[in-house]
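First up is the structure itself, then whatever we jot down about it.
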Amino acid sequence: MPSSAAFTRRRGPRFVRPRTPLSSRGVVRQAGGVQPDFGGTTAQLYAKYRRDLPAVQASALAGLIGLRPDDVVVDLGCGTGQLAVPLHPHCAAVLGIDPEPAMLVQLRARAAPRVLCLLGDEHDLPRLSSVCGRPVGAVVIGNALHWMDEAATLEASAALLRPGGALAVITQGPPMWLGTAPWQLAVRQTLEASSGPVSGNCRTDESALDERLGIARGLGLDVQVVSWQAEYVVDVDWVVGHLGSAMNADRWVAAVDDLTGALQAFDGHPMVERVSTTVLIAHRTG
Ligand SMILES: C[S@@+](CC[C@H](N)C(=O)[O-])C[C@H]1O[C@@H](n2cnc3c(N)ncnc32)[C@H](O)[C@@H]1O
Numbered sequence: 000m001p002s003s004a005a006f007t008r009r010r011g012p013r014f015v016r017p018r019t020p021l022s023s024r025g026v027v028r029q030a031g032g033v034q035p036d037f038g039g040t041t042a043q044l045y046a047k048y049r050r051d052l053p054a055v056q057a058s059a060l061a062g063l064i065g066l067r068p069d070d071v072v073v074d075l076g077c078g079t080g081q082l083a084v085p086l087h088p089h090c091a092a093v094l095g096i097d098p099e100p101a102m103l104v105q106l107r108a109r110a111a112p113r114v115l116c117l118l119g120d121e122h123d124l125p126r127l128s129s130v131c132g133r134p135v136g137a138v139v140i141g142n143a144l145h146w147m148d149e150a151a152t153l154e155a156s157a158a159l160l161r162p163g164g165a166l167a168v169i170t171q172g173p174p175m176w177l178g179t180a181p182w183q184l185a186v187r188q189t190l191e192a193s194s195g196p197v198s199g200n201c202r203t204d205e206s207a208l209d210e211r212l213g214i215a216r217g218l219g220l221d222v223q224v225v226s227w228q229a230e231y232v233v234d235v236d237w238v239v240g241h242l243g244s245a246m247n248a249d250r251w252v253a254a255v256d257d258l259t260g261a262l263q264a265f266d267g268h269p270m271v272e273r274v275s276t277t278v279l280i281a282h283r284t285g
């Protein structure tokens, strides 16, 4: 069990660019150009406290997409490689694209063979066919589409696919602060006590899925939805670190001691995090 000292070490100079608070994440759209917003210690927290898609799910995803050994896969909004790394054994190469250099530094440090990093965003998609020299087997987007113009991104992704290729939009929810386990209610109460309602769901909800299904169908793609459930026993270190990867850095630093204190009440009882992974798969048929 970590002590709060592990987190208070991060106090001090403002080392992370302030980011969108939890209450409004999921509705903010970034401006057109490359705009770092996940830098500094946030990327370090991502690398440490964001799980890769489990190998068994990555294998299932590759099968559902119909990935071929010679396929190139584009991972848009790749972060520190939560999809790129587990998917790369299933294809020839993964091109991880992200506008935040610090994320790409962390991904490169993982030294996954056949994963290439590209600083960019969804506006670079149309240029990729000339870079790759051929259509791609898949475009995957994990927990990132809500940062983009969704319809334009799905359209540009679909245009890159080979016949039989697919785009896959992966979301994992509910966000930790919206879960219903007692320790998650304590997390939410603690955050709300210091700064008001915490409601952002990063578009992990049904209505976002329905909207995305409608867009994909409108593009003539053959869609299906798959979901997987997983449970993880977590500890205070994981919970506090994971929250730091997801929330405004200043707000997180201010809340670390309170969060740690609130979670100590669950010391000795297993804290179980239930994660539902939803995958929208949309195949190009012709
Ligand atoms: C929540 S992380 C997701 C990381 C990883 N894909 C996963 O499945 O956990 C969101 C990522 O999207 C990136 N991002 C934000 N705006 C973006 C945009 N307009 N185009 C591409 N990526 C973007 C961020 O830099 C961040 O790395």
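For the sequence shown, numbering that gives the first Met the number 0 assigns the number 0 to the initial residue and increments by one for each residue that follows. Every residue, glycine too, gets a C-beta built ideally from N, C-alpha and C. Note that the structure is predicted; figures quoted are calculated from it, not measured.
Using the Cβ count rule (16 or more neighbours within 10 Å means buried), how would you classify residue i?
i    : result
A110 : exposed
Q43  : buried
P125 : exposed
A254 : buried
G195 : exposed
Y231 : exposed
E99  : buried
E121 : buried
H268 : exposed
R216 : exposed
V114 : buried
P162 : exposed
D70  : buried
P174 : buried
V252 : buried
Q228 : exposed
V55  : exposed
V130 : exposed
A133 : In the sequence as displayed, the identity of residue 133 is Arg instead of Ala. Exposed, because fewer than 16 other Cβ atoms sit within 10 Å of the Cβ of R133.
G62  : exposed
Which two residues bound the contiguous alpha helix (DSSP H) that contains residue i?
i    : result
A91  : Neither: A91 is in no alpha helix (DSSP H) and is coded neither H nor E.
G249 : In the sequence under discussion, the amino acid at residue 249 is Asp, which differs from the Gly named in the question. Residues A248 to Q263.
A101 : P100 to A108
L127 : L124 to C131
V186 : P181 to S194
G217 : E205 to G217
Q56  : A54 to I64
L286 : Residue numbering for the chain in the displayed model covers 0 to 285; residue 286 lies beyond these limits and cannot be assessed.
Could you give the residue range of the beta strand (DSSP E) that holds residue i?
i    : result
R273 : M270 to H282
W227 : D221 to V233
L118 : V114 to L118
Can you list, in chain order, the residues of its chain whose CB lies under 7 Å from that of residue i, leaving out five sequence neighbours each side?
i    : result
W237 : Y48
A155 : E121, L124 and P125
A92  : V71, R113 and L115
G31  : Caution is warranted here: a pLDDT of 31 is assigned to G31, below 50, making its placement in the model unreliable, and the coordinate value is therefore given only provisionally. H122, listed in sequence order.
S244 : T41, L44, Y45, Y48 and R49
L218 : L153, E154 and A157
For residue i, which residues in the same chain have their Cβ closer than 8 Å to its Cβ, ignoring the five residues on either side in sequence?
i    : result
A180 : M270, V271, E272 and R273
L127 : V73, L94, V135 and L159
Q29  : For Q29, the predicted structure reports a pLDDT of 35, less than 50, and the residue's modelled location is therefore unreliable. A value from the coordinates is still provided. Closer than 8 Å at Cβ, skipping near neighbours: D36, P98, D120, W146 and M147.
A185 : A261, L262, A264 and F265
V79  : The question names Val, but residue 79 is Thr in the sequence shown. Cβ neighbours of T79 beyond the five flanking positions: A42, Y45, A46, R49, M102, Q105, L106 and R109.
L52  : L60, Q81, L82, P85, L86, G141, I169 and T276
R211 : L144, E149, L153, V168 and L279
Given residue i, which residues of its chain have a CB within under 6 Å of its CB, disregarding the five upstream and five downstream residues?
i    : result
T277 : T170 and S226
R9   : For R9, the predicted structure reports a pLDDT of 30, less than 50, and the residue's modelled location is therefore unreliable. A value from the coordinates is still provided. Taken in chain order, the list of residues that qualify is empty.
A101 : G38 and A42
A150 : I214
A143 : G76
A57  : P85 and L86
D221 : H282 and T284
E191 : V197
List the residues that DSSP assigns as beta-bridge partners of residue i.
i    : result
T170 : T277
D74  : G95 and V139
L160 : V135
A165 : A137 and H282
Next on the checklist: So if I measure from each beta-carbon to every heavy atom of ligand 1 and keep distances below 6 Å, which residues remain?
Outcome noted: Q29, F37, R49, L75, G76, C77, G78, Q81, L82, D97, P98, E99, M102, D120, E121, G141, N142, A143, W146 and M147
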